[in-house]
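Student:
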Amino acid sequence: MSSISPPMPDKALLNDVFFPLLETIGATLSKNFEVRAASTEDLLTATSTLTEYITAYCARNMRGSRNPLDPAELAIHVLRTRNPAETTTNDAGKKIKGEKKWYYLILAETEKTGDVHILAEGNLRKDKIDLVEGFMEAVMNEIEKWNDQDDG
Numbered sequence: 000m001s002s003i004s005p006p007m008p009d010k011a012l013l014n015d016v017f018f019p020l021l022e023t024i025g026a027t028l029s030k031n032f033e034v035r036a037a038s039t040e041d042l043l044t045a046t047s048t049l050t051e052y053i054t055a056y057c058a059r060n061m062r063g064s065r066n067p068l069d070p071a072e073l074a075i076h077v078l079r080t081r082n083p084a085e086t087t088t089n090d091a092g093k094k095i096k097g098e099k100k101w102y103y104l105i106l107a108e109t110e111k112t113g114d115v116h117i118l119a120e121g122n123l124r125k126d127k128i129d130l131v132e133g134f135m136e137a138v139m140n141e142i143e144k145w146n147d148q149d150d151g
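Going by numbering that gives the first Met the number 0, the sequence shown opens with residue 0, and the numbers climb by one from there.
1) Taking residue 32 as the reference, give the member of 135, 81, 130, 144 with the closest Cα.
2) Buried or exposed, going by whether 16 or more other CB atoms sit within 10 Å of the CB of residue 67?
3) If we count the other Cβ atoms within 10 Å of its Cβ and call it buried at 16 or more, is residue 138 buried or exposed?
4) Kindly identify the DSSP beta-bridge partner or partners of residue 120.
5) On the CB-based measure, 16 or more other CB atoms within 10 Å of its CB, does residue 91 come out buried or exposed?
6) Tell me whether the segment 15-25 and the segment 39-58 touch, counting them as touching only if at least three CB pairs, one residue from each stretch, are closer than 8 Å.
7) How many whole angstroms separate the CB atoms of residue 89 and residue 101, which I take to be in contact at a CB cut-off of 8 Å?
8) So, for residue 16: in the same chain, excluding its five sequence neighbours on each side, which residues have a beta-carbon less than 8 Å away from its beta-carbon?
9) What are the boundary residues of the alpha helix (DSSP H) that includes residue 53?
10) Does DSSP classify residue 91 as helix, strand or coil?
11) Excluding five sequence neighbours on each side, which residues of the same chain lie with their C-beta closer than 7 Å to the C-beta of residue 35?
Here's what the structure looks like:
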């Protein structure tokens with residue numbers, strides 16, 4: 000039985016897509032929260048890291064797809080959620096969830112069929128201005144984990 004290699008994305012094309020995605024989300028957060036926008040150098044570093052992540056993700060066939068990744072179907076979204084660490088229990092033993100005042104970024108692929116696949120999730124942040132940092136931390140941690148698995 001032969002193993003079929005997963006289709007690998009074009010790195011240059013990914014870079015061309017990720018840079019404007021990161022630039023847009025960074026500019027939006029900067030404008031809304033009146034803080035300094037990310038430098039071009041920071042955006043280029045984040046772009047290359049995200050490209051490395053997606054390439055490794057596809058190499059491990061974590062998409063579970065035989066179709067090549069279409070960079071035009073990628074988008075970054077801000078999601079609002081509860082922090083599981085804030086869940087408490089009342090006197091009656093019923094769980095009480097915290098408020099939805101935590102945020103994180105996701106990188107999602109929307110297929111032509113309408114199916115949405117989350118390819119990367121950032122770390123939870125209470126302040127939206129820290130979303131890109133939380134996202135890149137999570138991506139870099141995953142890359143490190145994969146590199147350790149490959150080395151070990």
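We put the CB at the ideal spot given by N, CA and C, even for glycine. If you're wondering where the values come from, they're calculated on a predicted model, not measured in any experiment.
Tutor: If we stick to the structure as given:
1) Counted from its first residue, the sequence shown places residue 32 at position 33. Residue 130 is the option with its Cα nearest to residue 32.
2) The count along the sequence shown starts at 1 and reaches residue 67 at position 68. When all chains shown are included, residue 67 counts as exposed.
3) In the sequence shown, residue 138 corresponds to position 139, counting from 1. Residue 138 is buried by the Cβ-count criterion.
4) Looking up residue 120 in the sequence shown gives position 121. Residue 120 is bridged to 105.
5) The count along the sequence shown starts at 1 and reaches residue 91 at position 92. Under this definition residue 91 is an exposed residue.
6) Yes, they touch.
7) In the sequence shown, residue 89 corresponds to position 90, counting from 1. In the sequence shown, residue 101 corresponds to position 102, counting from 1. Contact flag wrong, Cβ pair sits at about 21 Å.
8) As a working note, residue 16 is residue 17 in the sequence shown. Here the set comprises 70, 71, 73.
9) To locate residue 53, count along the sequence shown from 1; it is residue 54. Run containing residue 53: 39-58, per the alpha helix (DSSP H) assignment.
10) Here residue 91 refers to the residue found at position 92 of the sequence shown. Residue state, collapsed to three classes: coil.
11) Residue 35 sits at position 36 when you count from the first residue of the sequence shown. Taken in chain order, the residues that qualify are 29.
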